[in-house]
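These notes are about the structure you will find just below.
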Amino acid sequence: AAAWFHPATPEQLVNACYEAGFRLVSRGVVGDELVAQEYLRLWEDPDWGTLIRSTDPVVVAAITAHHPELVPYLAPVTYPSVAEARFLRHLIGSRIPIVYVGTGAPEGAGELDAVLSYADLSRLLGLREVRVAQMPGTFSRLPAEMRRHMSVAGGLPLEMVVSGSSQGRRLLTIRGLDGLPALARAVGAERIDLGFVDILAHRGAADHPLAGPAEGYHRRRRLLRSLEPARSRTPVVPEESPVELGAAYPFAARREQPEPQAVRAILEAIGVAPNGKPWDCRACGYQSCARFAHAAALGRASLRQCVPWLGRRAEDAARDASLDALTGLSSYRTLQQRLSHEVERSRRSGESFAVLFIDLDRLKELNDTLGHERGNQALRGVAEEIRQTIRTTDMAARYGGDEFVVLLTRTDRAGALRVADAVRERVEQANDRLGFAPGQVSVSIGVAEYDPAMPGEGPLLEQADRALYLAKSAGRNTIA
32 AAAWFHPATP
42 EQLVNACYEA
52 GFRLVSRGVV
62 GDELVAQEYL
72 RLWEDPDWGT
82 LIRSTDPVVV
92 AAITAHHPEL
102 VPYLAPVTYP
112 SVAEARFLRH
122 LIGSRIPIVY
132 VGTGAPEGAG
142 ELDAVLSYAD
152 LSRLLGLREV
162 RVAQMPGTFS
172 RLPAEMRRHM
182 SVAGGLPLEM
192 VVSGSSQGRR
202 LLTIRGLDGL
212 PALARAVGAE
222 RIDLGFVDIL
232 AHRGAADHPL
242 AGPAEGYHRR
252 RRLLRSLEPA
262 RSRTPVVPEE
272 SPVELGAAYP
282 FAARREQPEP
292 QAVRAILEAI
302 GVAPNGKPWD
312 CRACGYQSCA
322 RFAHAAALGR
332 ASLRQCVPWL
342 GRRAEDAARD
352 ASLDALTGLS
362 SYRTLQQRLS
372 HEVERSRRSG
382 ESFAVLFIDL
392 DRLKELNDTL
402 GHERGNQALR
412 GVAEEIRQTI
422 RTTDMAARYG
432 GDEFVVLLTR
442 TDRAGALRVA
452 DAVRERVEQA
462 NDRLGFAPGQ
472 VSVSIGVAEY
482 DPAMPGEGPL
492 LEQADRALYL
502 AKSAGRNTIA
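Converting from the sequence shown to my numbering requires adding 31 to each position, the first position being numbered 1.
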């Protein structure tokens with residue numbers, strides 16, 4: 032997270048999370064420390080034989096799906112994120128949901144109430160209008176434990192990483208899933224005792240595709256090292272964990288072949304890269320999209336492991352957030368952004384633009400007499416008539432309740448009045464088509480022009496709102 036939000040500091044990021052409404056922010060150190068204690072106990076036991084690191088959900092998923100012969104060798108220790116969630120639940124009880132933000136969330140972990148990527152957190156902070164870079168540079172609340180004592184990022188003990196294969200204990204390091212077939216042959220077929228197998232799907236959290244572009248890996252790694260606090264001289268978690276840290280990894284169910292139509296449906300959901308070819312990015316833990324789709328169709332994988340699919344979901348979510356759910360017009364937030372952009376464009380070009388403030392005259396009366404669903408039908412009908420009247424370069428938004436705003440680019444007041452009258456007439460004609468009694472559905476419209484060459488009379492929307500008030504004062508179904 033520190034690398035993703037750089038140049039904002041970790042202190043600013045933590046403060047931003049509190050500002051956005053999170054009740055408690057924990058850095059992940061506790062989970063790493065708890066898991067590291069368990070691994071150190073296993074490391075010190077010479078009778079384990081081959082033991083495979085199980086802190087990486089992608090590795091565990093690949094083993095259970097494709098190499099079930101390795102499942103008995105997985106270390107019986109839960110993921111650091113799950114360990115921390117259990118520890119937090121032990122401290123705070125069940126009343127507060129636990130949200131994990133990161134790149135290595137385990138699939139289906141019941142301890143985690145929600146899982147966010149760094150991009151998701153960035154969008155959430157934006158929706159809450161929290162700017163990380165503007166947060167104080169010192170903690171606004173007493174922080175959770177930030178220092179490590181015995182662990183490295185990812186949950187292994189520092190002693191294990193430093194000592195390596197010394198002291199008569201073997202340590203085999205594998206990075207990437209390409210090493211799994213050879214590992215399966217050595218352990219499953221040839222019965223070779225390999226000692227501890229330190230395997231990760233990537234070179235670390237900073238190398239995960241969701242952490243950023245591959246070419247920025249070394250920069251992110253250096254940055255994270257520079258931001259790491261000094262180690263604590265004393266333990267930061269109890270020697271005997273107050274929560275269960277064990278884990279059992281089931282064999283994936285085996286079937287001969289998935290249904291071809293199921294595989295095709297998953298491949299269609301994934302889509303193709305801009306070059307028209309499969310993504311085959313391998314971030315999901317599979318060698319190709321085809322192999323992933325095969326496994327997903329058999330229930331051994333989930334689309335939530337697919338980075339391109341997640342990216343498209345994020346784009347869809349961003350688009351949905353920019354639209355009003357009832358009418359399909361732009362949202363108030365999008366209107367404000369576009370209005371600011373249009374003011375700047377008008378100042379640079381010297382061209383005018385205008386806005387229409389539109390009010391559905393009798394919405395409360397419709398809701399009270401015919402019900403809210405008929406009122407919603409009227410709102411959708413008015414929105415459609417507005418959409419059909421304006422140009423593609425214009426913008427229509429639902430302002431709230433029974434009000435709409437239309438932004439007309441490169442349009443003066445005279446042109447805006449013509450568009451307003453066209454909207455008014457279309458809505459009037461749509462009344463019968465929508466099945467309402469004569470005169471039940473109509474609109475009043477206020478018009479305001481932004482002319483960069485002339486002094487303004489206050490914010491443009493306020494001018495249009497005042498004009499709308501005049502129109503309604505003169506009687507419904509009018510323009511001012």
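Even for Gly, the Cβ is constructed at its ideal location relative to N, Cα and C.
Ordered along the chain, which non-local residues of its own chain (more than five positions away) have a Cβ less than 6 Å from that of residue i?
| i | result |
| --- | --- |
| residue 317 | 323 |
| residue 92 | 316 |
| residue 413 | 391, 458 |
| residue 508 | 473 |
| residue 225 | 81, 203 |
| residue 451 | 387, 476, 478, 510 |
With residue i as the anchor, note down where its alpha helix (DSSP H) starts and where it stops.
| i | result |
| --- | --- |
| residue 387 | Careful: residue 387 lies outside any alpha helix (DSSP H), inside the beta strand (DSSP E) at 384-391. |
| residue 445 | 444-464 |
| residue 90 | 88-97 |
| residue 193 | 189-194 |
| residue 375 | 363-380 |
| residue 417 | 403-420 |
| residue 223 | First-last for residue 223: undefined, no H or E at that position. |
| residue 73 | 60-74 |
| residue 531 | Here the chain has residues from 32 to 511 only, and residue 531 is not among them. |
| residue 118 | 111-123 |
| residue 322 | 320-328 |
| residue 267 | Per DSSP, residue 267 belongs to no alpha helix (DSSP H) and is neither H nor E. |
| residue 48 | 41-51 |
| residue 38 | Counting along the chain, residue 38 falls outside any alpha helix (DSSP H), and DSSP gives it neither H nor E. |
| residue 468 | Note, residue 468: premise wrong, no alpha helix (DSSP H); not H, not E. |
| residue 213 | 211-215 |
Can you find the residues in the same chain that come closer than 8 Å, C-beta to C-beta, to residue i, ignoring five residues on each side of it along the sequence?
| i | result |
| --- | --- |
| residue 111 | 59, 62, 63, 65, 66, 86, 185, 186 |
Alpha carbon to alpha carbon, what distance is there between residue j and residue i?
| i | j | result |
| --- | --- | --- |
| residue 442 | residue 418 | 17 Å |
| residue 429 | residue 208 | 50 Å |
| residue 427 | residue 403 | 23 Å |
| residue 2 | residue 206 | No answer is possible for residue 2: it lies beyond the span of the chain, which begins at 32 and ends at 511. |
| residue 467 | residue 383 | 38 Å |
| residue 265 | residue 191 | 18 Å |
| residue 143 | residue 406 | 40 Å |
| residue 182 | residue 74 | 14 Å |
| residue 49 | residue 260 | 21 Å |
| residue 339 | residue 291 | 22 Å |
| residue 170 | residue 461 | 58 Å |
| residue 482 | residue 475 | 23 Å |
| residue 180 | residue 68 | 11 Å |
| residue 531 | residue 45 | The requested residue 531 is not part of the displayed model; the chain covers only 32 to 511. |
Taking residue i as part of the beta strand (DSSP E), name the residues at either end of that continuous run.
| i | result |
| --- | --- |
| residue 427 | 426-431 |
| residue 206 | 202-206 |
| residue 231 | 227-231 |
| residue 479 | 474-481 |
For residue i, which residues in the same chain have their Cβ closer than 7 Å to its Cβ, ignoring the five residues on either side in sequence?
| i | result |
| --- | --- |
| residue 444 | 385, 478, 480 |
| residue 518 | Only positions 32 to 511 of the chain appear in the structure, and residue 518 is not among them; the question remains open. |
Just grab the DSSP bridge partners of residue i for me.
| i | result |
| --- | --- |
| residue 437 | 387, 427 |
| residue 145 | 130 |
| residue 182 | 188 |
| residue 105 | 83 |
| residue 302 | Partner(s): none; residue 302 has no beta bridge. |
| residue 307 | DSSP lists no partner for residue 307. |
| residue 510 | 476 |
| residue 277 | 108 |
| residue 354 | 361 |
* Asked: Counting Cβ pairs closer than 8 Å, one from the region 356-369 and one from the region 427-447, do we hit at least three?
  -> yes
* Determine contact between the region 164-171 and the region 34-43, defined as no fewer than three beta-carbon pairs at a distance below 8 Å. => yes
* Asked: Given 8 Å as the limit, is there contact between the region 265-272 and the region 295-310, that is, 3 or more CB pairs closer than that?
  -> no
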